[in-house]
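K.L.:
One line per chain: the protein sequences are V and F, in this order. Note that my numbering has the first sequence beginning at 635, numbered continuously upward. Note that my numbering has the second sequence beginning at 75, numbered continuously upward. Below is one structure. I have some questions about it.
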Amino acid sequence: MDILTISLETAIGPIAAVYVLAAVGLNMHFGYTGLLNFGQVGFMLVGAYGVGIGVGTFGLSLWVAVALSIACAAVMALLLGIPTLRLRADYLAITTIAVAEAARLLYRAEFARPLTGGVYGRQSLAEGFYDANPFPAGRYGVLGVDFSANQAWLMLVTWGLVGVALLLTASLMHSPWGRVIKGIREDEDAVRSLGKDVFVYKTQSLVLGGVLGGVAGAMLAINQQNITPDQFMPQVTFYLWAMLLLGGAARTFGPVLGPMLLWFLLTAFDESLRQLVAADALPFIDGSDIGALRHAFVGLALVVLIVYRPQGLIGDRKEMLVNVK
Amino acid sequence: MSSESRTADAAVRDRMAGVEPAVGVAKPDPILKASGVRRSFGGLTAVDVEHLEVQRGTITALIGPNGAGKSTLFNLLTGFDRVDAGEWSFEGRRLNGLGGHRVARQGMVRTFQLTKALTRLTVLDNMLLAAPGQVGEGFFGSLVRPRWRHQEEANRERAMELLARFKLDAKKDDLAGSLSGGQRKLLEMARSLMVNPSMVMLDEPMAGVNPALVQSLLGHITALRDEGMTVLFVEHDMDVIMGISDWIVVLAQGGVIAEGRPEDIRSNEQVVDAYLGAHHDEPGAGAPGAGEEA
Numbered sequence: 635m636d637i638l639t640i641s642l643e644t645a646i647g648p649i650a651a652v653y654v655l656a657a658v659g660l661n662m663h664f665g666y667t668g669l670l671n672f673g674q675v676g677f678m679l680v681g682a683y684g685v686g687i688g689v690g691t692f693g694l695s696l697w698v699a700v701a702l703s704i705a706c707a708a709v710m711a712l713l714l715g716i717p718t719l720r721l722r723a724d725y726l727a728i729t730t731i732a733v734a735e736a737a738r739l740l741y742r743a744e745f746a747r748p749l750t751g752g753v754y755g756r757q758s759l760a761e762g763f764y765d766a767n768p769f770p771a772g773r774y775g776v777l778g779v780d781f782s783a784n785q786a787w788l789m790l791v792t793w794g795l796v797g798v799a800l801l802l803t804a805s806l807m808h809s810p811w812g813r814v815i816k817g818i819r820e821d822e823d824a825v826r827s828l829g830k831d832v833f834v835y836k837t838q839s840l841v842l843g844g845v846l847g848g849v850a851g852a853m854l855a856i857n858q859q860n861i862t863p864d865q866f867m868p869q870v871t872f873y874l875w876a877m878l879l880l881g882g883a884a885r886t887f888g889p890v891l892g893p894m895l896l897w898f899l900l901t902a903f904d905e906s907l908r909q910l911v912a913a914d915a916l917p918f919i920d921g922s923d924i925g926a927l928r929h930a931f932v933g934l935a936l937v938v939l940i941v942y943r944p945q946g947l948i949g950d951r952k953e954m955l956v957n958v959k
Numbered sequence: 075m076s077s078e079s080r081t082a083d084a085a086v087r088d089r090m091a092g093v094e095p096a097v098g099v100a101k102p103d104p105i106l107k108a109s110g111v112r113r114s115f116g117g118l119t120a121v122d123v124e125h126l127e128v129q130r131g132t133i134t135a136l137i138g139p140n141g142a143g144k145s146t147l148f149n150l151l152t153g154f155d156r157v158d159a160g161e162w163s164f165e166g167r168r169l170n171g172l173g174g175h176r177v178a179r180q181g182m183v184r185t186f187q188l189t190k191a192l193t194r195l196t197v198l199d200n201m202l203l204a205a206p207g208q209v210g211e212g213f214f215g216s217l218v219r220p221r222w223r224h225q226e227e228a229n230r231e232r233a234m235e236l237l238a239r240f241k242l243d244a245k246k247d248d249l250a251g252s253l254s255g256g257q258r259k260l261l262e263m264a265r266s267l268m269v270n271p272s273m274v275m276l277d278e279p280m281a282g283v284n285p286a287l288v289q290s291l292l293g294h295i296t297a298l299r300d301e302g303m304t305v306l307f308v309e310h311d312m313d314v315i316m317g318i319s320d321w322i323v324v325l326a327q328g329g330v331i332a333e334g335r336p337e338d339i340r341s342n343e344q345v346v347d348a349y350l351g352a353h354h355d356e357p358g359a360g361a362p363g364a365g366e367e368a
């Protein structure tokens, strides 16, 4: 398969959709409300383990387990928000990054093993999901892009959820609720002085974005059919930030475009490098270096982005610069 | 003082008739009453006001040298800071322990010394945000557009009227961040009126505003009073203060040292003393009171 097709497949594939879902949540937090959430991966973790523990440990039906994922993400948002959202913005940032990492360590701890499976995680989680697959077996695709029936079903559901999330956030943000949320991003004291309970709005936003992260985690668990805690490293959060800023924060389609494009570029980069290495065109690079080079590539892409297009691909430059006094 | 301030003095006598120019004096119809309000930061007592009443329907100025506690008192009264002791009431309702948003909902709306325009919202959105009791402000209420569309229309009409009054109507679709400093002050004042307050608290409304706009701002403030609103404001510019105030409260080192009509204050020795050596206390030079930035 050629590089372009593989990259395109990744860009519209289920993993990209999972990242889009989590990025839509992060956009709610950062793009609209101005909340600095550096622990979106933590919401994905509790979401994934909602399915992992629900199905893997207690043998619940998948649909109940997804409800458990949503509940876990909402509870986590409340636990994070109640102590920090009355304080200055930095405290949420510190708390989210710490709690997300602490949650990973907690879920992988030996004493948690009866519940979470410890470092081994949980397996065979998605049978209920694929049993419900309405697509007959076979290959689905156009223009050389090609997916199995199960993948097609998964993509339909995940992108469907993305659609629902976009519809929900867009209609919220075009309402008086959204106006207050954006006001809080600009200056929460001003909004408070006008009689709005800023704390309640920030909590609502944190819960909504966190639940979207949780659903993304649940879909990740379903996609892989198994989960381990070490998939939820802090890098995931930073990839999500890179994706959101690449697409353009505070735009409905920013968090859709960003992850798709970044996954496209990452895959294209990986594949080109791999093929070059395989053809011995780059004798100084070993196949195992590709992962490290990929990180360097993301860093470079971010630097280029910040220099040439700080508002992201579809951000509003005018809006971006208005705060520079 | 100019003739303008003398005509204002004449109006003063009507509004505050029969009130003794004494610290803590009772007013005939107080809208705001505060007793024993105290706040200290570490060892520094920033505010210690024994008794203060603000008469309804007047313009009351709060003056004092830098660090006198004016802005801290503002923050305390409006729920933006917590008192160590004391109690205060607005329209007869106790405000102790209420957060800033609750105080605003009671009808006492403040502005800020450093203007807080919501810069990446349009001028019109700044106004609409302030409208009270919106159905669409609730998380779930906002999802059902038909439930709030009519209210939004009515709010928009009212917002446009206010913007026209403050001559900002042509800017309604501009981002608030693109306005000049003076226009932001106007927007902030217009926005506070969207809340339907019975009292507005203006923290240095003239700071950093060019002289042409000062006149227009003054006109707006007196117009508010003439419509029956109560105005309490902090200001440094003595011409402004003497010109439009019905009553002046002088704060020094956290306590009220004098109150009275402009002519009482002008001749008050204590006030002159408090300002002596504080001559750098010119408009614009105003560093805030202790705890201001906290």
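Ideal placement from N, C-alpha and C gives every residue a C-beta, glycine not left out. Note that the structure is predicted; figures quoted are calculated from it, not measured.
1) Need the endpoints of the beta strand (DSSP E) that F/Phe-307 sits in, please.
2) Let me know the secondary structure DSSP gives F/Val-90 once reduced to three states.
3) Does the beta carbon of V/Val-958 sit closer than 7 Å to a beta carbon anywhere in chain F?
4) For V/Gln-909, which of helix, strand or coil comes out of DSSP?
5) Going by DSSP, which residues form a beta bridge with F/Val-111?
6) Measure the CB-CB distance between F/Met-273 and F/Thr-296 and report whether it falls below 7 Å.
7) Closest Cβ-Cβ distance between V/Arg-951 and chain F: below 7 Å?
8) So for F/Thr-196, helix, strand or coil by DSSP?
9) In the DSSP assignment, what are the bridge partners of F/Val-128?
10) I need the DSSP call for F/Glu-227, collapsed to helix, strand or coil.
11) For F/Arg-167, which three-state DSSP category applies?
12) Name the residues in the region 780-805 of chain V whose C-beta lies less than 9 Å from a C-beta of chain F; which are they?
13) Please decide whether V/Gln-838 counts as near chain F, where near means a Cβ-Cβ distance under 7 Å.
14) In chain order, what residues of the same chain lie with their CB nearer than 8 Å to the CB of V/Trp-697, ignoring the 5 residues before and after it?
15) Using 8 Å as the cut-off, can you tell me whether the region 163-178 of chain F makes contact with the region 282-295 of chain F, which would need three or more C-beta pairs spanning the two stretches below that distance?
16) Going straight from the alpha carbon of V/Leu-854 to that of F/Ser-109, what length do you get?
17) Within 10 angstroms of its Cβ, does F/Asp-347 collect 16 or more other Cβ (buried), or is it exposed?
18) Near F/Glu-262, what residues of its chain come up, given a Cβ to Cβ distance below 6 Å and the 5 sequence neighbours on each side ignored?
19) Do V/Leu-947 and V/Leu-655 have their beta-carbon atoms positioned less than 7 Å apart in this structure?
20) Around the C-beta of V/Tyr-754, are 16 or more other C-beta atoms found within 10 angstroms, so that it is buried, or is it exposed?
21) Against chain F, which members of the region 716-729 of chain V pass a CB distance test of less than 7 Å?
22) Let's test the definition: count the other Cβ atoms within 10 Å of the Cβ of V/Asp-920 and tell me whether it reaches 16, buried, or not, exposed.
23) How long is the line joining the alpha carbons of V/Gln-674 and V/Leu-660, rounded to whole angstroms?
24) Using 7 Å as the limit for Cβ to Cβ distance, is V/Gly-946 near chain F?
25) State the Cα-Cα distance for the pair F/Gly-358 and F/Val-97, rounded to the nearest angstrom.
26) Taking 7 Å as the CB-CB limit, is F/Phe-213 close to chain V?
27) Is the shortest distance between the beta-carbon of V/Leu-828 and the beta-carbons of chain F less than 7 Å?
28) In chain V, which residues lie less than 8 Å from F/Gly-210 when you measure between Cβ atoms?
29) Please list, in chain order, all residues of the same chain as V/Arg-720 whose beta carbon is under 7 Å from its beta carbon, the five residues on each side excluded.
30) Where does the unbroken alpha helix (DSSP H) through V/Leu-879 begin, and where does it stop?
31) Please name the residue or residues paired with F/Ile-318 in a DSSP beta bridge.
32) Rounding to the nearest angstrom, what Cα-Cα distance links V/Gln-757 and V/Gly-686 in this structure?
33) So V/Gly-668 contacts chain F; which residues on that side make the cut at Cβ distance below 9 Å?
34) Alpha carbon to alpha carbon, how far is F/Ala-100 from F/Ala-91?
35) Please list, in chain order, the chain V residues whose beta carbon lies closer than 9 Å to that of F/Lys-259.
36) Would you mind reading off the limits of the beta strand (DSSP E) that contains F/Leu-260?
P.N.:
On the basis of the data shown:
1) Per DSSP, F/Phe-307 belongs to the beta strand (DSSP E) from 304-308.
2) The residue asked about is misnamed: residue 90 of chain F is Met in this sequence, not Val. Correct three-state label for F/Met-90: coil.
3) Low local confidence applies: a pLDDT of 48 at V/Val-958 is under 50, so the model's placement there is unreliable, with the coordinate-based value given in what follows. Not an interface residue.
4) In this structure, V/Gln-909 counts as helix in the three-state DSSP scheme.
5) F/Val-123, per the DSSP bridge assignment.
6) No, the pair does not count as a contact, with Cβ atoms beyond the cut-off.
7) For V/Arg-951, the closest Cβ of chain F is not nearer than 7 Å.
8) F/Thr-196 falls in the strand class under three-state DSSP.
9) Under DSSP, the beta-bridge partners assigned to F/Val-128 are F/Leu-106.
10) DSSP places F/Glu-227 in helix when its eight states are reduced to three.
11) If DSSP states are grouped into helix, strand and coil, F/Arg-167 belongs with the strands.
12) Within the region 780-805 of chain V, the residues whose Cβ lies closer than 9 Å to some Cβ of chain F are Leu-802, Ser-805, listed in chain order.
13) Interface residue, yes.
14) Excluding the 5 residues flanking it on each side, V/Trp-697 has same chain C-beta neighbours closer than 8 Å at Gly-762, in chain order.
15) No: fewer than three Cβ pairs fall under 8 Å.
16) Using only the alpha carbons, I get a separation of about 60 Å.
17) By the neighbour-count rule (16 or more Cβ atoms within 10 Å), F/Asp-347 is not buried but exposed.
18) The residues are Thr-185, Thr-189.
19) No, the pair does not count as a contact, with Cβ atoms beyond the cut-off.
20) With fewer than 16 Cβ atoms within 10 Å of its Cβ, V/Tyr-754 is classed as exposed.
21) Cβ contacts with chain F come from no residue of the region 716-729 of chain V.
22) When all chains shown are included, V/Asp-920 counts as exposed.
23) Using only the alpha carbons, I get a separation of about 7 Å.
24) So no, V/Gly-946 is outside the interface.
25) In this prediction, F/Gly-358 has a pLDDT of 45, which is less than 50 and means its spatial position is unreliable; nothing more can be read from the coordinates.
26) Interface criterion met: the Cβ of F/Phe-213 is under 7 Å from a Cβ in chain V.
27) Yes, V/Leu-828 counts as interfacial toward chain F.
28) For F/Gly-210, the chain V residues whose C-beta falls within less than 8 Å of its own C-beta are Ser-809, Pro-810, Trp-811, listed in chain order.
29) Sequence-distant partners of V/Arg-720 (beyond 5 residues in either direction) whose C-beta falls short of 7 Å from its own C-beta, in its chain, are Phe-833.
30) Note, V/Leu-879: alpha helix (DSSP H), 868-881.
31) F/Ile-318 is not bridged to any residue.
32) Distance from the CA of V/Gln-757 to the CA of V/Gly-686, rounded to the nearest whole angstrom, comes to 8 Å.
33) Here the premise fails: no neighbours, minimum Cβ distance about 10 Å.
34) When only Cα atoms are considered, F/Ala-100 and F/Ala-91 end up about 12 Å apart.
35) Here the premise fails: no neighbours, minimum Cβ distance about 13 Å.
36) Premise fails: F/Leu-260 lies in the alpha helix (DSSP H), 255-268, not in any beta strand (DSSP E).
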